[in-house]
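Undergrad: The structure's right below; bear with me while I get my questions together.
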Amino acid sequence: MNLPMILEMVADGMPDRVLIGDRATGLTGAELRERARAGAARLTATGADRLVYLGPNGRAFPVALFAAALAGVPVLPVNYRLGEEQLTEVMSRQGAPLVVTDTPERVPGRPTIGLDDFLGLPAVEPDPAAAYGIDPDSVAVLLMTSGTTAAPKSAVLRHRNLAAYIFGSVEFGSVPEADAALVSVPPYHIAAVANALSNLYCGRRVVHLDQFTPDGWLATVREQRITHAMLVPTMLARIVAELRTRGERGPDSLRSLSYGGAKLAGEVVEEALDLFPEVGFVNAYGLTETASSIAVLGPEDHRAALVSPDPAVRARLASVGRPLPSVEIQVQDEDGRACPPGEVGDIAVRGDQVAGEYLEAGSLVREGGWFATRDRGYLDEGGYLFVRGRADDTIIRGGENIAPAEIEDVLARHPAVLDCVVAGLPDTEWGQVIGAFVITRSGARTDETELRTWVRKRLRGSKTPERVVFVEEFPLTPTGKVVRRDLVALVQKDTTFSA
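Counting in this note's numbering, the sequence shown runs from 1 upward without gaps.
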């Protein structure tokens, strides 16, 4: 199976249903296929070996995704907020692309076409057999990893990986025509690719909101009668704060709200459940390299954990749920053996949707089909997965491995702490020492001594931060992940981060 065959199913099964954009002016299933065929023809005519998409999320992106697939070349969505030096470096890696962008001056010497011009290309004579000529093992999508711990790499997703995710998690044409999904993540995020494919496949209209603000998001949900939405945790936290300030509940049209991609404070989740009492919450855990979600904490799990008197069940509100039926997840020790429940180890995954491949490094899938996510965590007795952070984030203090998440959990329970991040700071004696970066609640008072004492009373001395730095907010990637190395660098300069 490949992406063009998914497009054929959507266009033939829902030709007149509006699937992208406003219900009055959006693209139907048949129109999406027509636009994708026209885009594929332009790609073929220019001899491009890939389509680079440099722009915000919108109706041009799903068209570009399928156009590239029909032309038999990969699509590479690039972060349009990159600085000139970073963008130049990324573009230097590309061979002979066609760049779909409204800022052609940023990619000199490359053939370009504007977003509206791309959507307005003349229709071409259809070739129904074209969809069946694309090798499922060919590359469909290239995504630049976020590079929070190292230089960004080009993750490879093949048609079979993406198709396996869709067929393993979505039922074709299964939703009513009134359903609408609001996508607020940028096109260079795996969630944007997954949302485009999964919503189209089930028949749910997709509305894009590229410039996120809490009030703009709430207004769009109400105006478009949005039923489903996906957010990164920082967005959900800001929406919760906005509703709290207004003294309002969430919009009544919303039925499902998924979040994932980074840690979210437990009290934000609890408040969100209260502010959206009729909404089913989904915490999705996945990676670029796994073609989106591999584990999900579903709506029933959220509500059950919220009210359960059992501490083990209540703790699951901080988990990412259980594996999807189409994948296996195993927590492994340093020798690759499965860890017993409750023991922290390296999270590994296998299944047809798992790619685990990079242009620069090839496949990193190990013997037996396991891919190391580079995340640390554990499974509880019920099979719920708890992610404790990146393996690269582990602090090695005098030969002792220390997980930042354990210290973050303790700090987060202090009444004055709104959010916190723990990272290793270089030290000549110990190799690394513990640094804590803290955002305090509005009007709350605390200091470094108080927070160090708070941790020391609950953890042993070697896990007490040597330094506590108060910041206004954390440096984030465009997809909401904290860039720890930037915090460490700012401390090394004896400065603090402030937006």
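For each residue, glycine too, the CB sits at the ideal point set by N, CA and C.
Taking the straight line between their C-alpha atoms, what separation do you get for residue 404 and residue 440?
TA: Going from the Cα of residue 404 to the Cα of residue 440 covers about 18 Å.
Undergrad: What are the start and end residues of each continuous alpha helix (DSSP H) run of 4 or more residues lying completely inside the stretch 332-386, in chain order?
TA: none
Undergrad: Write down every uninterrupted run of the alpha helix (DSSP H) in the stretch 403-459 whose length is 4 residues or greater and which is fully enclosed by it, in chain order.
TA: Correct list: 404-412, 448-458.
Undergrad: Mind checking whether residue 189 and residue 204 have CB atoms under 9 Å apart?
TA: no
Undergrad: Give the DSSP-derived three-state secondary structure of residue 17 in the structure shown.
TA: coil
Undergrad: Could you compute how far the alpha carbon of residue 447 sits from the alpha carbon of residue 489?
TA: It is roughly 22 Å from the alpha-carbon of residue 447 to the alpha-carbon of residue 489.
Undergrad: Given this structure, state the Cα-to-Cα distance separating residue 98 from residue 432, to the nearest angstrom.
TA: Roughly 46 Å separates the two Cα atoms.
Undergrad: Following the continuous alpha helix (DSSP H) through residue 103, name the residue where it begins and the one where it ends.
TA: Per DSSP, residue 103 belongs to no alpha helix (DSSP H) and is neither H nor E.
Undergrad: Report buried or exposed for residue 319, applying the criterion of at least 16 other Cβ atoms within 10 angstroms of its Cβ.
TA: Buried, since its Cβ has 16 or more Cβ neighbours within 10 Å.
Undergrad: Which residues share a DSSP beta bridge with residue 77?
TA: 53
Undergrad: How would you write the range of the beta strand (DSSP E) that residue 312 sits in, first residue to last?
TA: For residue 312, there is no enclosing beta strand (DSSP E); the enclosing alpha helix (DSSP H) has its first and last residue at 311-314.
Undergrad: Residue 436: which of 460, 461, 226, 469 sits nearest, CA to CA?
TA: 469
Undergrad: Would you call the stretch 358-377 and the stretch 395-402 in contact, with 3 or more CB pairs under 8 Å?
TA: no
Undergrad: In the DSSP assignment, what are the bridge partners of residue 281?
TA: 257
Undergrad: With distance defined between alpha-carbon atoms, name the residue in 158, 258, 113 nearest to residue 185.
TA: The shortest C-alpha separation from residue 185 is found at 258.
Undergrad: Are the beta-carbon atoms of residue 296 and residue 305 separated by less than 9 Å?
TA: no
Undergrad: Determine the direct distance from the alpha carbon of residue 40 to that of residue 71, and round the result to whole angstroms.
TA: 5 Å
Undergrad: DSSP three-state call for residue 128: helix, strand or coil?
TA: It is helical.
Undergrad: What would DSSP say about residue 293, mapped onto helix, strand or coil?
TA: strand
Undergrad: Considering only the beta carbon of each residue, do residue 145 and residue 378 sit closer than 9 Å?
TA: At the C-beta level, residue 145 and residue 378 stay beyond 9 Å of one another.
Undergrad: Please state if the CB of residue 329 and the CB of residue 349 are separated by a distance shorter than 9 Å.
TA: yes
Undergrad: Quick one: complete beta strand (DSSP E) runs, 3+ long, within the stretch 152-205?
TA: Counting only runs of 3 or more, we get 154-158, 180-183.
Undergrad: Buried or exposed: residue 353, going by 16 or more other Cβ atoms within 10 Å of its Cβ?
TA: Buried is the call here.
Undergrad: DSSP has residue 228 in a bridge; who is on the other side?
TA: Looking at the DSSP assignment, residue 228 forms a beta bridge with 181, 256.
Undergrad: Would residue 404 count as contacting chain B if we go by Cβ distances under 9 Å?
TA: Note that chain B does not occur in the displayed structure, where there is just one protein chain.
Undergrad: Just list the residues that DSSP pairs residue 396 with in beta bridges.
TA: 401
Undergrad: Return the Cβ separation of residue 27 and residue 19 in integer angstroms, given the expectation that the two are a contact with Cβ distance under 8 Å.
TA: Indeed they touch by this definition, with Cβ atoms about 6 Å apart.
Undergrad: Quick one: does the C-beta of residue 358 sit closer than 8 Å to a heavy atom of the ligand ATP?
TA: Summarising the ligand content, the structure contains no ligands, and the ligand ATP is consequently not present.
Undergrad: What is the DSSP secondary structure of residue 148, reduced to helix, strand or coil?
TA: Interpretation of residue 148 is limited by its pLDDT of 47, a score under 50 that renders its predicted location unreliable; no figure is taken from the coordinates.
Undergrad: Roughly how many whole angstroms lie between the Cα atoms of residue 64 and residue 103?
TA: 16 Å
Undergrad: Determine the burial state of residue 132: buried for a count of at least 16 other Cβ atoms within 10 Å of its Cβ, exposed for fewer.
TA: exposed
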